[in-house]
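Counting in this note's numbering, the sequence shown runs from 6 upward without gaps.
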Amino acid sequence: MNTKAWKLLFKLRNNIPLEGDVALAKQELEALVDDEVQPVGLEALHEWVARGWILPKDAELHREGTVGFVCVGDMYDLSRLFWRVSFCEQIFGVVPDTETARSTLGSLPPTLLRYEQLDTGELVFMVVPFNAIAEWSDVAARRADSPREVQVWLDHLCDALVSKRCSALPSSLRPIITAKQTTGHLFHGLHVYKAKFFPRLARAFLNLCGGVTVLDPFAGSGTALTEASVMGMSAIGVDIDPLSVAIAQAKASLLEAPAEYLERIGEVQQRLAGDDKSQPSLFAIAESSERYALTPAFLRSRIPEPTRREVEADVAEILSTLYDMPPRSPLHIALSDALSRKFKFRFLGLGYGRFSLSILPRRVRTMYLDNLRSMANSIAAWLWLRQHTGVRPAPMAAIQGDARQIPLSSESVDSVVTSPPYMPASSGRENYLKSKAYAMTVLGLIAPDTIDALEAEQIGSIQRTEQIRDLPPEIVEVIEWMQRDPTRCVKAAATASYFVDIRKSLREIQRVLKPGGKCAYVVARRHVFYRYQSREVVRVVESAELTAELARQAGLEVVDCIHVELQKQNTVARPRSLDAYYETVILLRKG
Ligand SMILES: C[S@@+](CC[C@H](N)C(=O)[O-])C[C@H]1O[C@@H](n2cnc3c(N)ncnc32)[C@H](O)[C@@H]1O
């Protein structure tokens with residue numbers, strides 16, 4: 006073995022329940038080190054444990070006993086690996102003791118690094134990558150009673166992992182490490198959002214695409230933008246829905262000026278507790294009460310009168326406490342989130358816009374105060390990350406616009422990571438926006454009851470009725486089949502429009518990408534048509550294959566189709582909801 010070689014061992018996170026993610030982790034690492042990596046089992050880690058290095062938790066075995074991956078090479082950019090890897094919680098390394106090695110180790114945050122010099126003239130080290138500590142910070146934020154406690158826990162955790170004093174992680178810190186759900190870090194959990202990326206996957210897609218400027222033309226709540234920004238890629242997002250844009254912008258504001266919002270939260274908490282007399286009186290607000298009677302008409306008849314009054318009073322009180330803040334500030338978004346949780350819509354998926362509505366008994370006011378507390382804890386976690394890792398987010402912006410006409414000049418971005426809406430034929434797809442109408446009215450994003458007009462603009466909307474226009478024969482065949490089926494004909498025209506729109510978005514991506522630029526276009530792998538009553542499968546449409554064909558038509562090269570199994574968040578929601586569910590990352594390249 007070459008003694009001059011650098012040997013790295015990437016230990017995978019324990020909470021990777023899906024084997025597809027392990028495969029993706031390998032692909033990501035290979036893209037990052039520009040070389041092959043080999044899977045390793047427990048014995049590779051035992052060596053480190055035997056030498057007194059600690060693991061956060063006993064390693065779990067993934068496919069075929071894999072606990073991580075190794076690579077051996079002349080030299081690696083440790084800083085890049087630290088900032089970028091998505092699925093690893095520790096990087097162990099043995100490197101020759103050279104000036105270069107010392108300087109690259111010196112570029113890593115000392116709080117997350119342990120290293121020693123061996124008699125053999127080598128340096129050994131372990132570093133906790135940024136994403137692992139960011140994900141753990143989410144658990145700390147969720148569990149801690151105060152912002153201060155979040156930071157104390159993170160201090161203890163890092164101390165235990167990198168100091169030589171501990172031989173095992175103290176049991177008080179284990180819940181942080183062992184949590185299964187770690188998706189709310191970096192303000193990803195600011196607002197409920199249907200069909201958002203798992204942050205870790207968005208990060209992996211960004212790594213597969215590379216580049217320094219990234220676009221998400223269906224930005225939604227800004228998951229890919231946020232991940233890109235903390236990875237140092239400048240990120241721009243476009244979305245047709247103003248609430249999505251507002252959520253993404255609020256995340257950007259929190260990343261940029263966390264301390265300011267921590268202060269603001271304190272003020273608003275005081276005002277809501279009635280300790281601050283400087284805000285306008287509730288009497289003054291009541292005088293213009295119609296300003297706050299914002300319940301959209303289509304909802305009024307569905308909400309019992311006392312509930313409606315209570316919600317409107319809570320909204321009025323909260324908005325009045327925010328009187329001196331810019332509209333759509335993160336503190337407004339916390340109200341939108343409370344409203345979106347209070348009223349839960351479930352569309353029946355038949356194509357007629359019918360929905361069932363459930364109303365949580367908790368008051369909006371209580372939910373809002375909870376949101377403020379958790380926002381304060383998330384800010385504390387972010388402040389800690391800034392201080393201890395030196396993370397400085399690259400510029401991130403979200404603008405309202407149309408992916409069929411991206412408001413950017415040609416050849417202006419290095420990469421695109423995005424996920425368009427689902428096919429309108431998907432059950433429950435119709436009327437995404439209707440479920441957001443209340444929050445959007447309250448935030449002043451739309452005039453009451455203009456939601457249907459806005460919905461009609463959305464790709465995937467059931468209201469869109471374009472004709473089939475030179476679509477690939479496989480798609481035409483699906484649409485004609487739907488037209489003939491009495492229960493599905495209502496969605497046939499919308500499905501044709503959907504594919505025409507998707508191709509327009511792909512043409513635009515082709516236009517704005519620089520030559521050689523890559524795009525990860527993430528869609529459902531297949532669409533299953535089933536009989537509603539019996540749940541018997543009637544037809545399976547390989548929607549990712551159809552989309553890949555549209556990408557070719559749009560002048561993009563299809564480099565790879567990676568199928569990623571996703572964990573269902575809600576397995577009781579719908580018929581066939583227990584079936585394994587895959588999304589496909591269509592990896593595209595502009596020639
Ligand atoms: C699957 S979601 C994206 C979720 C996002 N990846 C995230 O993590 O939050 C699809 C998004 O496409 C947006 N959309 C629909 N039609 C659009 C259009 N014509 N132009 C831009 N965005 C559109 C919707 O508003 C929605 O936010």
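For every residue, glycine included, the Cβ atom is placed at its ideal position computed from N, Cα and C.
Predicted, not measured: the structure shown is a model, and the values here were computed from it.
Backbone secondary structure at residue i - three-state DSSP
| i | result |
| --- | --- |
| residue 417 | coil |
| residue 239 | strand |
| residue 473 | coil |
| residue 266 | helix |
| residue 409 | coil |
| residue 178 | helix |
| residue 227 | coil |
| residue 143 | helix |
| residue 192 | helix |
| residue 359 | coil |
| residue 201 | coil |
| residue 451 | coil |
| residue 21 | coil |
| residue 338 | helix |
| residue 103 | coil |
| residue 594 | strand |
| residue 311 | helix |
| residue 133 | coil |
| residue 115 | helix |
| residue 59 | coil |
| residue 271 | helix |
| residue 329 | coil |
| residue 467 | coil |
| residue 521 | strand |
| residue 244 | strand |
| residue 187 | coil |
| residue 397 | coil |
DSSP beta-bridge partners of residue i
| i | result |
| --- | --- |
| residue 514 | DSSP, once it has assigned bridges, lists no residue as partnering residue 514. |
| residue 13 | 76, 98 |
| residue 571 | 586 |
| residue 565 | 592 |
| residue 122 | 128 |
| residue 526 | 423, 591 |
| residue 218 | 239 |
| residue 496 | Residue 496 pairs with nothing; no bridge assigned. |
| residue 542 | 535 |
| residue 364 | 348 |
Cβ of residue i within 8 Å of any chain D Cβ
| i | result |
| --- | --- |
| residue 71 | Chain labels in this structure do not include chain D; a single protein chain is all it has. |
Local Cβ density within 10 Å of residue i, reported as buried at 16 or more and exposed below that
| i | result |
| --- | --- |
| residue 515 | buried |
| residue 276 | buried |
| residue 30 | buried |
| residue 16 | buried |
| residue 93 | buried |
| residue 183 | exposed |
| residue 542 | exposed |
| residue 394 | buried |
| residue 33 | buried |
| residue 279 | exposed |
| residue 230 | buried |
| residue 225 | buried |
| residue 465 | buried |
The alpha helix (DSSP H) enclosing residue i, as first and last residue numbers
| i | result |
| --- | --- |
| residue 381 | 369 to 394 |
| residue 163 | 152 to 167 |
| residue 536 | Element bounds for residue 536: n/a, residue is neither H nor E. |
| residue 204 | 204 to 214 |
| residue 610 | Residue 610 lies beyond the stretch modelled for the chain, which goes from 6 to 596, so this question has no answer here. |
| residue 487 | 478 to 489 |
| residue 256 | 247 to 261 |
| residue 552 | 548 to 558 |
| residue 87 | 83 to 89 |
| residue 92 | Note, residue 92: premise wrong, no alpha helix (DSSP H); not H, not E. |
| residue 304 | 302 to 305 |
Extent of the continuous beta strand (DSSP E) run through residue i
| i | result |
| --- | --- |
| residue 405 | 401 to 405 |
| residue 44 | 43 to 45 |
| residue 459 | Segment 456 to 462 is the alpha helix (DSSP H) holding residue 459; no beta strand (DSSP E) there. |
| residue 351 | 348 to 352 |
Proximity test, residue i beta-carbon vs ligand 3 heavy atom, cut-off 7 Å
| i | result |
| --- | --- |
| residue 548 | As far as ligands go, the structure on display features ligand 1 and does not contain ligand 3. |
message: Tell me whether the region 519 to 538 and the region 214 to 226 touch, counting them as touching only if at least three CB pairs, one residue from each stretch, are closer than 8 Å.
response: Per the Cβ contact rule, the region 519 to 538 is in contact with the region 214 to 226 (3 or more Cβ pairs under 8 Å).
- prompt: Counting pairs of Cβ atoms below 8 Å between the region 330 to 344 and the region 105 to 114, do you hit three or more?
  reply: no
message: For the region 183 to 201 against the region 500 to 517, do three or more pairs of beta-carbon atoms, one drawn from each stretch, fall closer than 8 Å, so that the two count as touching?
response: Flag = no, the region 183 to 201 and the region 500 to 517 do not touch.
message: With three or more C-beta pairs closer than 8 Å as the rule, is the region 468 to 477 touching the region 315 to 327?
response: no
message: For the structure I just gave you, are there three or more beta carbon pairs, one from the region 250 to 262 and one from the region 451 to 471, closer than 8 Å?
response: no
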